[in-house]
Amino acid sequence: MSNLHERNDVDVTNRDTYDLENKAAFKKQMDMLNPPVIQEFRASDGKIGGQFTGHDILLLHTIGAKSQQPRINPVGYVPYGDAILIIASKGGAPTNPDWYYNILAHPEVELEVGTERFKAHARITEGEERDRLFAIFTNKEPGMGEYQTHTTRLLPVIVLTRI
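In our numbering, the protein residues as written are 77 to 239.
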């Protein structure tokens, strides 16, 4: 997953050069990258190859905060007891991913994990809980800790609980 944020010479991790033009280019790249990833996820029972090999990926279904339209995003996750942890990293960009704002507006989401699809409640963590869960996540997925070093914003940790 480490090269996901670098395509066509757009480096969203460089907050000195990350401007609206780069933000638009990043969004365009994700709009092109996500459909084949979603297709592969569904065709292979939730397993994705290439740069995603060895990483747990889920499909996060949200409702757009502004558009009110359904959105689907592949997101890395870590199981946490009966819940699931995700992090709004956007590859260490200076801004949160759009899906984060969708969750803030509409915390009831739907998940595809492997071959299973179910509704969940998304809860943004804060303070000590956020720090503890971030450590748990980065222990399993160290690349996420690397993303934190690319930005001054605190990467949000979200707990997804089945409804």
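We put the CB at the ideal spot given by N, CA and C, even for glycine.
Assigned with DSSP and collapsed to three states, residue 138 falls in strand. As the crow flies, the alpha-carbon of residue 181 is around 32 Å from that of residue 129.
No residue range can be given for residue 125, since it is assigned to no alpha helix (DSSP H) and is classified by DSSP as neither H nor E. Taking a cut-off of 8 Å for Cβ pairs, the region 162 to 181 and the region 123 to 140 touch, as three or more such pairs fall below it. For residue 114, same chain residues with a beta-carbon under 7 Å away, outside a window of 5 residues either side, are 135, 148 and 150 in chain order. Counted as a single uninterrupted DSSP element, the beta strand (DSSP E) harbouring residue 188 occupies residues 184 to 189. Residue burial annotation: residue 108 is exposed, with fewer than 16 other C-beta atoms found within 10 angstroms of its C-beta. Annotation for residue 181: the continuous alpha helix (DSSP H) segment containing it runs 174 to 181. In this structure residue 163 does not touch residue 218 by the C-beta definition: roughly 12 Å separates them, more than the 8 Å allowed.
The beta carbons of residue 193 and residue 186 sit closer together than 8 Å.
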